[in-house]
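A.B. asks:
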Amino acid sequence: MLTTRLKGNLQVLISHTPTDIRPPFARYAHGVEVPPGARWLATSGQLGIGPDDVAPEGAEAQARLCFANLDAVLCDAEMTRENTVRISAFVTDRVHMAGYMKARDAWLSEVKHLPASTLMIVSGFTRPEFLVEIELLAAGL
Numbered sequence: 050m051l052t053t054r055l056k057g058n059l060q061v062l063i064s065h066t067p068t069d070i071r072p073p074f075a076r077y078a079h080g081v082e083v084p085p086g087a088r089w090l091a092t093s094g095q096l097g098i099g100p101d102d103v104a105p106e107g108a109e110a111q112a113r114l115c116f117a118n119l120d121a122v123l124c125d126a127e128m129t130r131e132n133t134v135r136i137s138a139f140v141t142d143r144v145h146m147a148g149y150m151k152a153r154d155a156w157l158s159e160v161k162h163l164p165a166s167t168l169m170i171v172s173g174f175t176r177p178e179f180l181v182e183i184e185l186l187a188a189g190l
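Residue numbers (this note's numbering): 50 to 190.
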């Protein structure tokens with residue numbers, strides 16, 4: 050079993066990417082272990098909508114805004130992207146997968162500890178202009 054341990058930011062999270070199964074399709078880990086006594090943060094799903102109540106056009110732009118919103122929630126909890134344990138994302142069509150993944154990979158580009166990640170295709174959200182929703186679990190000591 051291959052693991053990556055990260056110390057810093059008051060945390061020790063362990064990424065699990067076993068060598069005897071297929072590697073992840075992109076920049077994420079197959080599993081993440083959280084130590085006992087960690088603080089947990091569960092976010093609500095963040096939509097690609099700004100304080101002006103406007104959703105930008107395109108899945109990539111909406112996903113980047115979702116991740117910016119998640120950065121704000123993490124900061125409010127005194128956590129960073131490095132604390133992310135799991136990303137759950139939802140898009141309304143397969144055509145939006147590439148834009149979402151480009152935004153996710155950019156968001157994770159400097160993260161040393163890769164979270165687990167799941168992407169699901171759903172039939173829609175509360176407003177037709179919404180193309181992407183992202184939620185995450187984070188942990189820190």
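A virtual CB, placed ideally from N, CA and C, is assigned to each residue, including glycine.
(1) I need the DSSP call for Leu62, collapsed to helix, strand or coil.
(2) So, for Ser166: in the same chain, excluding its five sequence neighbours on each side, which residues have a beta-carbon less than 6 Å away from its beta-carbon?
(3) Measure the alpha-carbon distance for Glu11 versus Phe116 and round it to whole angstroms.
(4) Assign Met150 to one of three DSSP states: helix, strand, or coil.
(5) Does DSSP classify Val5 as helix, strand or coil?
(6) Whose C-beta lies closer than 6 Å to the C-beta of Gly97 among residues of the same chain, with five residues either side of it excluded?
(7) Hey, quick one: how far does the alpha helix (DSSP H) through Leu119 stretch, first residue to last?
(8) Going along the chain, which residues of its own chain have a beta-carbon closer than 6 Å to the beta-carbon of Gly173, five neighbours each way excluded?
(9) To the nearest angstrom, how far is it from the Cα of Ala187 to the Cα of Gly86?
(10) Beta-carbon separation of Val134 and Leu62 under 8 Å?
(11) What whole-angstrom Cβ distance do Glu184 and Gln95 have, given they're in contact under 8 Å?
(12) Pull up the distance between the alpha-carbon of Thr4 and that of Leu119, whole angstroms please.
(13) Let's see if you can read the secondary structure: which residues bound the beta strand (DSSP E) around Arg135?
(14) Go to Thr167, then tell me how far its beta strand (DSSP E) extends in each direction, as first and last residue.
C.D. replies: If we stick to the structure as given:
(1) The residue labelled residue 62 in the question sits at position 13 within the sequence shown. Of the three classes helix, strand and coil, the one that applies to Leu62 here is strand, per DSSP.
(2) For the purposes of this step, residue 166 is identified with residue 117 of the sequence shown, where counting begins at 1. Closer than 6 Å at the Cβ level, and outside the excluded window around Ser166, lie Tyr77 and Ile136.
(3) Because the chain in this structure spans residues 50 to 190, residue 11 falls outside the shown range and cannot be described.
(4) Counting from one through the sequence shown, the residue named residue 150 turns up at place 101. In the structure shown, Met150 sits in a helix (DSSP, three-state: H, G or I).
(5) No statement about residue 5 is possible, as the shown extent of the chain runs from 50 to 190 and does not include it.
(6) Start at 1 with the first residue of the sequence shown, and residue 97 comes out as number 48. Excluding sequence positions up to five before and after Gly97, its CB lies within less than 6 Å of the CB of Ala104, Gln111, Leu114, Cys115 and Val181, all in the same chain and listed in chain order.
(7) The sequence position of residue 119 within the sequence shown is 70, counting from 1. Element bounds for Leu119: Ala108 to Asp125.
(8) One-based indexing of the sequence shown puts residue 173 at position 124. Closer than 6 Å at Cβ, skipping near neighbours: Thr141.
(9) On the sequence shown, position 138 is the one that residue 187 refers to. On the sequence shown, position 37 is the one that residue 86 refers to. Rounded to the nearest angstrom, the two C-alpha atoms are 13 Å apart.
(10) Residue 134 sits at position 85 when you count from the first residue of the sequence shown. Residue 62 sits at position 13 when you count from the first residue of the sequence shown. For Val134 and Leu62, yes; Cβs fall inside 8 Å.
(11) Along the sequence shown, one-based indexing puts residue 184 at 135. Along the sequence shown, one-based indexing puts residue 95 at 46. Glu184 to Gln95, Cβ: 7 Å. Contact.
(12) Outside the displayed span of the chain (50 to 190) sits residue 4, for which this structure offers no information.
(13) Taking the sequence shown and counting its residues from 1, one reaches residue 135 at position 86. From DSSP, the beta strand (DSSP E) with Arg135 extends over Thr133 to Val140.
(14) Your numbering for residue 167 matches position 118 in the sequence shown. Membership of Thr167 in the beta strand (DSSP E) is indicated by the continuous run Ala165 to Ile170.
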